[in-house]
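Visitor:
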Amino acid sequence: AIVPVVLSLCHATPLMSQKYSSSPPLWLQEHDIETPHGVLHVTMRGVPKGNRPIILTYHDIGLNHKSCFNTLFNYEDMQEIMQHFAVVHVDAPGQQEGAPPFPSGYRYPTMDELAEMLPSVMTHLKSVVSVIAIGVGAGAYILSRFALNNPTLVEGLVLINVDPCAEGWIDWAASKVTGWTSNLVDIIMAHHFSADELTDNLELIQTYRLHIAQDINQDNLALFCGSYQYRRDLEIERPIVGLNEDTVNTLICPALLVVGDTSPAVEAVVECNSRLNPTKATLLKMADCGGLPQVVQPGKLAEAFKYFVQGMGYSKYTRSSKILPVQTSRLYIECPIIVYRPTFLGVTCLWSRFVCVRRISC
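Per our numbering, residue 11 is the first one in the sequence shown, and the count goes up by one each step.
Structure below.
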């Protein structure tokens, strides 16, 4: 069963003020799609173009597609890309604006089941044959699982703050202790932001604290958090040349891993990078950035995404634009190269004209 579509023409409003495009607005289509594990609310911006992939997004816990991605997708460089690629934003069950509470006794889908819901989205949208997926936190985990299950459907992955591991018993115990003295909002804020960020960036913190507390159904949110809490390990490992490239369980599509240099997710993202094929994966650690790089540094992330898409063979649909220099820390090398990718033979330059990057060894 498919709930009727709502069609509107409008601009989405970001939570935080940034540099936005004055491009004409894109058609928005909202769909409630029946899947084997329940209904998914999705929002399509634009219309699929021929045999090009769509851009598919999935948000983190405590957020929905608007609070997670509006700042990035309303940025002028992303608006230019969206003239050539349709975008489909997925809201996890019960996390969209105005979502009703689930009935008593409802069993929320596991993280594996959330990934299994995505092929139904592509089937419903009919003309969609493949995706370039962008996920944050829990959404990055779900999209990684989706790519592992359906490698022919995913052309590329941008994984922000991804954690490939099941939560260990120490993390589990720590979260339980935190839960005794903090409410759900505090726990989620600590998931998104470092201790320094929580005290230094008061405007951002207040904006997102109010959003998490007031705009998302708290019972539904607790169910989504519980599903992420009990996720399985992705069970991916780095292939060894000449030994197991064709048999090892790993992502086979190009992957751009992104994390802010002060994000709580730094160690998890580096761990994920160590498990991926170094000829396919690239790690971008963004300077002067915390737990929400798509919100705090949308211009840098948009530029990185443009070069990522170009590297996948879609260069004629993107154009270069100037990026202003940024401050660097001692962990970074300021250079005219966007990202270095580690290979078995050394370091390979991927894209030109970016900010500053950290060299990551194999």
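We put the beta carbon where it would ideally sit given N, CA and C, even for glycine.
Residue 152 and residue 72 - do their beta-carbons sit closer together than 7 Å?
Guide: The residue given as residue 72 occupies position 62 in the sequence shown. The residue given as residue 152 occupies position 142 in the sequence shown. Taking 7 Å as the Cβ cut-off, residue 72 and residue 152 do not qualify as a contacting pair.
Visitor: Rounded to whole angstroms, what's the CA-CA distance from residue 65 to residue 141? Just pull it up for me.
Guide: As a working mapping, residue 65 is identified with position 55 in the sequence shown. As a working mapping, residue 141 is identified with position 131 in the sequence shown. Going from the Cα of residue 65 to the Cα of residue 141 covers about 6 Å.
Visitor: Exposed or buried, which one is residue 238 when buried takes at least 16 other CB atoms within 10 Å?
Guide: For the purposes of this step, residue 238 is taken as residue 228 along the sequence shown, with counting starting at 1. Buried is the call here.
Visitor: Pull up the DSSP beta-bridge partners for residue 51, would you.
Guide: Translated into positions along the sequence shown, residue 51 becomes position 41. In DSSP, residue 51 forms a bridge with 42, 101.
Visitor: In angstroms with no decimal places, state the Cα-to-Cα distance between residue 168 and residue 249.
Guide: In the sequence shown, counting from the first residue as 1, residue 168 sits at position 158. In the sequence shown, counting from the first residue as 1, residue 249 sits at position 239. When rounded, the distance between both Cα atoms is 20 Å.
Visitor: What first and last residue would you give for the alpha helix (DSSP H) that runs through residue 76?
Guide: Translated into positions along the sequence shown, residue 76 becomes position 66. Segment 75–83, the alpha helix (DSSP H) holding residue 76.
Visitor: Consult DSSP for residue 121 and reduce its assignment to one of helix, strand or coil.
Guide: Position 111 of the sequence shown holds residue 121. Three-state DSSP puts residue 121 in a helix.
Visitor: Below 6 Å CB to CB, which residues in the same chain sit around residue 74 once its five sequence neighbours on both sides are set aside?
Guide: Here the question's residue 74 lines up with position 64 in the sequence shown. Only 101, 105, 106 meet the Cβ criterion.
Visitor: Which word fits residue 257, buried or exposed, when buried means at least 16 other C-beta atoms lie within 10 angstroms of its C-beta?
Guide: Counted from its first residue, the sequence shown places residue 257 at position 247. By the neighbour-count rule (16 or more Cβ atoms within 10 Å), residue 257 is not buried but exposed.
Visitor: Can you look up residue 151 in the DSSP assignment and give me helix, strand or coil?
Guide: As a first step, residue 151 is located in the sequence shown; it is residue number 141 there, counting from the start. Looking at residue 151 - three-state DSSP - the assignment turns out to be helix.
Visitor: Does DSSP put residue 9 in a helix, a strand or coil?
Guide: The shown model of the chain, from 11 to 372, leaves out residue 9, and the question about it has no answer.
Visitor: Between residue 50 and residue 113, which are expected to be in contact by the criterion C-beta below 8 Å, what is the C-beta distance as a whole number of angstroms?
Guide: Indexing the sequence shown from 1 puts residue 50 at position 40. Indexing the sequence shown from 1 puts residue 113 at position 103. Rounded, the Cβ-Cβ distance is 17 Å, inconsistent with contact.
Visitor: For the beta strand (DSSP E) containing residue 295, list its first residue and its last residue.
Guide: Here residue 295 corresponds to residue number 285 of the sequence shown, with the count starting at 1. First-last of the beta strand (DSSP E) with residue 295: 291–296.
Visitor: Checking the sheet assignment: what are the DSSP bridge partners for residue 115?
Guide: Taking the first residue of the sequence shown as position 1, residue 115 is located at position 105. Residue 115 is not bridged to any residue.
Visitor: Please specify which runs of the beta strand (DSSP E), each continuous and at least 3 residues long, are wholly inside the stretch 226–311, giving them in chain order.
Guide: Runs found: 265–270, 291–296.
Visitor: Going by the beta-carbon positions, is the gap between residue 166 and residue 68 smaller than 7 Å?
Guide: Taking the sequence shown and counting its residues from 1, one reaches residue 166 at position 156. Taking the sequence shown and counting its residues from 1, one reaches residue 68 at position 58. No, these two residues do not count as a Cβ contact at 7 Å.
Visitor: Near residue 243, what residues of its chain come up, given a Cβ to Cβ distance below 8 Å and the 5 sequence neighbours on each side ignored?
Guide: As a working mapping, residue 243 is identified with position 233 in the sequence shown. Counting only Cβ-Cβ distances below 8 Å, and skipping sequence neighbours, we find 174, 175, 176.
Visitor: I need the straight-line Cα distance from residue 83 to residue 89, nearest angstrom please.
Guide: In the sequence shown, the residue the question calls residue 83 occupies position 73. In the sequence shown, the residue the question calls residue 89 occupies position 79. The straight-line gap from Cα to Cα measures roughly 6 Å.
Visitor: Pull the bridge partners of residue 141 from the DSSP assignment, please.
Guide: As a first step, residue 141 must be located in the sequence shown, where it is residue number 131. Its beta-bridge partners are 64, 164.
Visitor: Where does residue 3 sit, in a helix, a strand or coil, going by DSSP?
Guide: As displayed, the chain neither begins before 11 nor continues past 372, which places residue 3 out of reach and without an answer.
Visitor: Assuming residue 118 contacts residue 236 under a Cβ cut-off of 8 Å, what Cβ separation, rounded to an integer in Å, is found between them?
Guide: Indexing the sequence shown from 1 puts residue 118 at position 108. Indexing the sequence shown from 1 puts residue 236 at position 226. 7 Å between Cβ atoms; contact.
Visitor: So residue 225 packs on residue 146, CB below 8 Å; how close in whole Å?
Guide: Sequence index remark: in the sequence shown, residue 225 carries index 215 (1-based). Sequence index remark: in the sequence shown, residue 146 carries index 136 (1-based). That pair is no contact at about 17 Å.
Visitor: Between the Cα of residue 303 and those of 322, 320, 222, 268, spot the shortest distance and give me the residue it belongs to.
Guide: Sequence index remark: in the sequence shown, residue 303 carries index 293 (1-based). Answer by Cα proximity: 268.
Visitor: Return the chain-ordered list of same chain residues with a C-beta closer than 6 Å to the C-beta of residue 45, the five sequence neighbours on each side being excluded.
Guide: On the sequence shown, position 35 is the one that residue 45 refers to. Within the same chain, residue 45 has close Cβ partners 127, 130.
Visitor: Just to confirm, is the Cβ distance from residue 259 to residue 281 under 7 Å?
Guide: What you label residue 259 is simply residue 249 of the sequence shown in a count that begins at 1. What you label residue 281 is simply residue 271 of the sequence shown in a count that begins at 1. The answer is no: Cβ separation not under 7 Å.
Visitor: Looking at the secondary structure, which residues open and close the alpha helix (DSSP H) in which residue 91 lies?
Guide: Counting from 1 along the sequence shown, the entry for residue 91 is found at position 81. Element bounds for residue 91: 86–92.
Visitor: Where DSSP assigns a beta bridge to residue 170, which residues make up the other side?
Guide: On the sequence shown, residue 170 is found 160 positions in, with the first residue counted as 1. Residue 170 pairs with 146, 268.
Visitor: I think residue 121 touches residue 155, with their Cβ atoms under 8 Å apart; what is that distance to the nearest whole Å?
Guide: Walking along the sequence shown from the start, residue 121 turns up at place 111. Walking along the sequence shown from the start, residue 155 turns up at place 145. About 7 Å; that satisfies the 8 Å criterion.
Visitor: From residue 276 to residue 59, what distance separates their C-alpha atoms?
Guide: Position 266 of the sequence shown, counted from the start, is the residue given in the question as residue 276. Position 49 of the sequence shown, counted from the start, is the residue given in the question as residue 59. Roughly 36 Å separates the two Cα atoms.
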